[in-house]
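For reference, the structure discussed in these notes is given below.
Numbering (this note's numbering), first residue to last: 1 to 377.
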C-alpha cells in the first residue's frame with residue numbers, strides 16, 4: 001500500500017509539473033495515440049478532435065474515363081503502394097476518373113487526414129482573400145493583423161508572403177517525433193495562439209527557406225481575421241461548393257474554433273482529386289474562374305531560397321523529366337499535378353518515416369509520377 005501511495009504521489013506530481021510548464025497537451029496526445037494502439041498521429045484520428053464542417057451543397061460525381069479501372073496496376077506500383085500502407089490511389093486523366101483503388105478497408109467514402117496538404121489549401125484561401133480585396137497584397141505585414149508582432153524582434157518585418165513561402169525566420173523545429181516540440185503542442189494542445197504566438201524568431205524573415213507548420217498556422221490566423229469568418233465556411237463558399245465536392249469535409253480546430261491551418265482537413269480521395277484538377281484547369285471550374293491565375297502561378301513557381309523545390313504551399317519537381325508539383329502530407333498524402341499529361345494522382349495512407357532523399361522531397365512521389373505516366377499515358 002505504501003508503494004502504491006508513493007507511485008500515485010509521483011504521478012500526481014508529474015501531472016502538476018506538466019500543467020505548470022505548459023505540457024498538459026501531452027495527456028491529450030497519449031490518449032489519442034498510445035492508448036489507442038498508435039505510435040503517432042494517424043489518418044483516422046479526425047473523430048478524436050473537435051472540427052468545423054466544410055459544407056458542400058450540390059455534389060458532382062466524377063465522369064468516368066472510357067478506360068476506368070480496365071487496366072490493372074503493374075506489380076512495381078502495387079508493391080510500392082502496399083508496402084507503404086496505402087489507403088487509396090486514384091488517377092485522373094483528361095478530367096476523368098481513370099483508375100481508383102483502395103486497400104485496408106478504405107473506400108470512396110472514407111475520410112482521412114490531409115495532414116500538411118492543408119497548407120496549400122490555406123494558401124488558396126490567402127489567394128482568394130487577396131482577389132476579393134480583403135488582404136491588400138502578398139507583402140502585407142502580419143503585424144497589421146496582430147499588433148503584438150510589432151514588438152517582437154524581426155516580427156515587424158514578417159509578411160504574409162514570407163509565411164506562404166516558408167521564409168518566416170520563425171524559431172520552429174518541424175519535428176513530429178519529439179512530443180516536447182511545437183508540432184505536438186499545436187496538434188494536441190488546446191490553443192493554437194499559445195502554440196504559435198509564443199514562438200520567437202531566429203532570423204530575419206525572407207532570408208532563408210525553412211519548412212514550418214507554424215508559418216502556415218500564422219498565415220491562417222491572418223486570413224481568418226481578414227475574411228472575418230471561419231476558414232471552414234470560407235473554404236466551403238469559395239471552393240468546396242463551386243467544385244461540387246461529393247461530401248462535407250471536417251477541419252480540426254482548437255478550443256477557440258480556430259482551424260489547424262497547417263494540417264487536418266479530413267476528406268475523401270475523390271474530393272482531394274478535385275483540388276488537383278482545379279490547378280490543372282488553371283483555377284477554373286467550367287467557365288467560372290474561382291482562383292486567380294496570377295496567384296496560381298505564384299503558388300507553383302519554385303523559389304530561389306528553397307533551391308527551386310517549393311513555391312507557395314506546393315512542392316515542385318522541375319528536375320524530373322516529367323515535371324510535376326503537389327500537395328504533400330506527413331504520412332505520404334499526395335495530390336500530384338502533371339500538366340504535360342493532364343493527369344492528377346492522389347495517394348493517401350500511413351507511410352511512417354516517409355523517405356525524403358530527393359532534395360527534401362519524397363522519393364515515392366517521383367516514382368509514382370514516372371511509373372503511372374508510363375503505364376497510363
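Backbone N, C-alpha and C define an ideal beta-carbon position, used for all residues, glycine too. Quick caveat, the model's predicted, so the values are computed rather than measured.
- Contact between residue 262 and residue 119 holds: their C-beta atoms lie close to 6 Å from each other, under 8 Å.
- Rounded to whole angstroms, the Cβ separation of residue 259 and residue 220 is 6 Å, and the two are in contact under 8 Å.
- Counting other Cβ atoms within 10 Å of its Cβ, residue 193 stays below 16 and is therefore classed as exposed.
- For the options 279, 142 and 188, the alpha carbon positioned closest to that of residue 215 is the one of 142.
- Take the alpha-carbon of residue 85 and the one of residue 165: they are about 30 Å apart.
- Collapsing the DSSP output to three states places residue 41 in coil.
- At a Cβ-Cβ threshold of 8 Å, residue 190 and residue 255 count as neighbours.
- Boundaries cannot be given for residue 138, as no beta strand (DSSP E) includes it and DSSP labels it neither H nor E.
- In chain order, 236 and 248 place their CB closer than 6 Å to the CB of residue 55, counting only its own chain and leaving out the 5 sequence neighbours on each side.
- Rounded to the nearest angstrom, the gap between the Cα atoms of residue 307 and residue 239 is 31 Å.
- Beta-carbon to beta-carbon, residue 337 and residue 344 are separated by about 6 Å, close enough to satisfy the 8 Å threshold.
- Around the beta carbon of residue 277, 16 or more other beta carbons lie within 10 angstroms, which makes this residue buried.
- Counting along the chain, the unbroken beta strand (DSSP E) around residue 96 starts and ends at 96 to 102.
- Looking at the DSSP output, residue 349 shares a beta bridge with 86.
- Runs of alpha helix (DSSP H) with 4 or more residues, each lying fully within the segment 353 to 377, are found at 363 to 376, listed in chain order.
- Under a 10 Å Cβ-count criterion, residue 198 is classified as exposed, with fewer than 16 other Cβ atoms of the shown protein chains found around its own Cβ.
- Around the beta carbon of residue 287, a 10 Å sphere encloses fewer than 16 other beta carbons of the protein chains shown; the residue is thus reported as exposed.
- Sequence-distant Cβ neighbours of residue 81 in its own chain, meaning closer than 6 Å and more than five residues away, are 89.
- Per the Cβ contact rule, the segment 144 to 154 is not in contact with the segment 312 to 321 (fewer than 3 Cβ pairs under 8 Å).
- Membership of residue 271 in the alpha helix (DSSP H) is indicated by the continuous run 269 to 280.
- Residue 94 and residue 228 have their C-alpha atoms spaced approximately 37 Å apart.
- Residue pairing for residue 93: DSSP places it in a beta bridge opposite 96 and 343.
- Uninterrupted alpha helix (DSSP H) stretches at least 4 residues long and entirely within the segment 270 to 339 occur at 293 to 299, given in chain order.
- Within the DSSP secondary-structure output, residue 250 pairs in a beta bridge with 53 and 266.
- In this structure, the CA atom of residue 290 is about 9 Å from the CA atom of residue 243.
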